Amino acid sequence: MLDFMDYAIFKYKENVSFARANYSLAADYDCSREPCILAFNEDRMLNIGEAPFDLTLFAVWAQHVFNPKSIRLNFTEQIRAFFNLEGVNVIGVDTEDAPSTIPSNLPFYSTTAKALSRFQINVPKGIYIYRHIDRQFIPYNGNFAEESKSIFSPPNIYQKSTKEFFSGFLVSDDQDAQPEIDAITKIYAKHSAKTDFVLVSDRQGRDIISMGSLSKAHPPYFFTFHRDNFSLGRYLVFDEKRFDSEFLDGYLTRIEQGKENFSHISAVLNDPPDATFRQVNTDTYHKTVNDPERDILVAITAPWCHHCKDFKPVLNISSQLLKNEKVGFYWIDGTTNELPSDFPSFDGYPTLFLFAAKNKTASTFDGKRTVSGILEYLHKEGSFNFTDPEFNQTEIDERLLVLRAIEHKK
10 MLDFMDYAIF KYKENVSFAR ANYSLAADYD CSREPCILAF NEDRMLNIGE APFDLTLFAV
70 WAQHVFNPKS IRLNFTEQIR AFFNLEGVNV IGVDTEDAPS TIPSNLPFYS TTAKALSRFQ
130 INVPKGIYIY RHIDRQFIPY NGNFAEESKS IFSPPNIYQK STKEFFSGFL VSDDQDAQPE
190 IDAITKIYAK HSAKTDFVLV SDRQGRDIIS MGSLSKAHPP YFFTFHRDNF SLGRYLVFDE
250 KRFDSEFLDG YLTRIEQGKE NFSHISAVLN DPPDATFRQV NTDTYHKTVN DPERDILVAI
310 TAPWCHHCKD FKPVLNISSQ LLKNEKVGFY WIDGTTNELP SDFPSFDGYP TLFLFAAKNK
370 TASTFDGKRT VSGILEYLHK EGSFNFTDPE FNQTEIDERL LVLRAIEHKK
């Protein structure tokens, strides 16, 4: 942010003074992140929101401060910056005639219908209002105060509120979030007495991700926190099939009644029904490894791990060869799951653990990362006797080449 400030000071030093204040004042100005840069004119805060962190957006924001009357958006990046500006803004499409009913301190934007069509927004000539808080681009009918209203609250975890819960969707910056907006709209009336609803993008969500320990979570997902103390509970929904209003209504009701358990970050499982080498997540881990009827092998991996992409096909082929034996083959992504507190320690990816049926104490695989190495290890450490399956090593090597190529493309 210091680089941004240097830019603004250099460009506008004749028209502005710069000051610093303690961040303890942030809650009084609805700041959503630190540092928080705001614009004032004669002790009155300008209605343009806090300065964004992105350099392009900051340049547009600074232009609002010092040239607030009319801003022409000619280029794609300027329009993209407009849609990322916080607050409520008015834009003319194929017209530069600013309506007299918008606040005097609010900049008026203008662009062309052709330029907007690059963003899949196809509208006729006219005046429009854009609410960043819920991504609504709607015709402006002259009542700015009324049309600026939204059921969504600012995505500010520091904002004071009398409501018990802070809930909403975290989505990607470029995601079409209309289905998520529609789902919250349908449940808003029933739950708004206890819950502030928000729609948060990656760009806005750093404080929420930090305070909620959500660094392993990947959008989109639905979240709910106790507003006054995030440590009291964190409730998460990652399965997009459950983003409908019916499920969310019941989910919030159970949270409000204290009947829903704290959520761990647990990756969504998408294995085909006939898979022999299957993925586990935080939610299914304990049930899987504690299966008393089978020895269980679990590999912890990471998507960026080169050796994981080589080893997983070996485990996949081994699982197919031993599909009729009392042994199960699984893997877990260490980057998208909050590992259980009793998960065995490991030094790196990949690490393979055996949970033998005879004692269910994790032992670390120390053999060769080959099919023969897996078989040898199971004979030595496993709970059950079995006859080695017949296989052609040349055919195995050929299959590994194909499977590894597929893994490395993921």
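Each residue of the sequence shown is one higher than the one before, counting from 10 in our numbering. For glycine and all other residues, C-beta sits at the position ideal for the given N, C-alpha and C. Since we're looking at a predicted model, the values are computed, not measured.
Under 6 angstroms Cβ to Cβ from residue i, same chain only, skipping five residues before and after it: list those, please.
i           : result
residue 195 : 254
residue 50  : none
residue 246 : 231
residue 335 : 303 and 393
residue 434 : Nothing can be reported for residue 434: it is not among the residues displayed for the chain, which extend from 10 to 419.
residue 358 : 310, 311, 314 and 317
residue 395 : 334
Kindly identify the DSSP beta-bridge partner or partners of residue i.
i           : result
residue 79  : 117
residue 208 : 178
residue 333 : Its beta-bridge partners do not exist; DSSP assigns none.
residue 50  : 53
residue 135 : 102
residue 146 : 139
residue 161 : For residue 161, which the question treats as bridged, DSSP gives no partner whatsoever.
residue 287 : 339
residue 97  : 140
In angstroms, rounded to a whole number, what distance separates the CA positions of residue i and residue j?
i           : j           : result
residue 57  : residue 44  : 16 angstroms
residue 166 : residue 87  : 29 angstroms
residue 264 : residue 115 : 40 angstroms
residue 176 : residue 149 : 29 angstroms
residue 353 : residue 347 : 13 angstroms
residue 227 : residue 345 : 8 angstroms
residue 300 : residue 68  : 58 angstroms
residue 244 : residue 212 : 21 angstroms
residue 31  : residue 47  : 13 angstroms
residue 72  : residue 42  : 21 angstroms
residue 138 : residue 360 : 54 angstroms
residue 312 : residue 378 : 18 angstroms
residue 193 : residue 316 : 43 angstroms
residue 389 : residue 381 : 12 angstroms
residue 391 : residue 338 : 13 angstroms
residue 197 : residue 214 : 21 angstroms
residue 134 : residue 276 : 45 angstroms
residue 151 : residue 136 : 9 angstroms
residue 162 : residue 39  : 11 angstroms
residue 239 : residue 79  : 42 angstroms
residue 61  : residue 36  : 17 angstroms
residue 291 : residue 351 : 11 angstroms
residue 127 : residue 90  : 14 angstroms
residue 59  : residue 66  : 11 angstroms
residue 272 : residue 218 : 14 angstroms
residue 298 : residue 369 : 7 angstroms
residue 266 : residue 259 : 11 angstroms
residue 236 : residue 129 : 36 angstroms
residue 6   : residue 270 : Examination of residue 6 is not possible in this model, given that the chain is present from 10 through 419 alone.
residue 296 : residue 417 : 30 angstroms
residue 93  : residue 367 : 58 angstroms
residue 117 : residue 27  : 25 angstroms
residue 104 : residue 119 : 7 angstroms
residue 185 : residue 106 : 30 angstroms
Would you say residue i reaches chain C, if we count a Cβ-Cβ gap shorter than 8 angstroms as a contact?
i          : result
residue 57 : No chain C is part of this structure, which consists of one protein chain only.
Return the chain-ordered list of same chain residues with a C-beta closer than 7 angstroms to the C-beta of residue i, the five sequence neighbours on each side being excluded.
i           : result
residue 132 : 102, 122 and 125
residue 294 : 341 and 349
residue 53  : none
residue 328 : 285, 286 and 338
residue 355 : 309
residue 262 : none
residue 153 : 110, 111 and 112
Ordered along the chain, which non-local residues of its own chain (more than five positions away) have a Cβ less than 8 angstroms from that of residue i?
i           : result
residue 386 : 363, 374, 375 and 376
residue 34  : none
residue 209 : 164, 177, 178, 179, 180 and 217
residue 257 : 192, 193, 196, 231, 246 and 251
residue 419 : 312 and 318
Indicate, with yes or no, if the ligand MG has a heavy atom lying under 7 angstroms from the CB of residue i.
i           : result
residue 332 : The ligand MG is not among the ligands present in this structure, which contains no ligands whatsoever.
**Prompt:** Hey, is the region 302-317 in contact with the region 181-191, meaning 3+ C-beta pairs nearer than 8 angstroms?
**Reply:** no
**Message:** Would the region 108-120 count as touching the region 165-181 if we require 3 or more Cβ pairs under 8 angstroms?
**Reply:** no
**Message:** I'd like to know if the region 81-88 and the region 140-155 are in contact, where contact means that at least 3 CB-CB pairs between them fall below 8 angstroms.
**Reply:** In short, these stretches do not touch, since the Cβ pair count stays below three.
**Prompt:** Is the region 244-259 touching the region 93-107, taking contact as three or more C-beta pairs under 8 angstroms?
**Reply:** no
**Request:** Counting only runs of 4+ residues fully inside the region 194-256, write out the alpha helix (DSSP H) ranges in chain order.
**Result:** Fully enclosed alpha helix (DSSP H) runs of 4 or longer: 215-220.
**Message:** With three or more beta-carbon pairs closer than 8 angstroms as the criterion, would you say the region 285-294 touches the region 197-207?
**Reply:** no
**Asked** What residue ranges within the region 303-389 form continuous beta strand (DSSP E) runs of no fewer than 3 residues, ordered along the chain?
**Response** Qualifying beta strand (DSSP E) stretches, in chain order: 304-310, 336-342, 360-364 and 371-373.
**Message:** Assess contact between the region 400-417 and the region 318-332, defined as three or more Cβ pairs (one per stretch) separated by less than 8 angstroms. Is contact present?
**Reply:** yes
**Segment contact, 8 angstroms Cβ cut-off, at least three pairs: the region 210-224 with the region 150-158** = no
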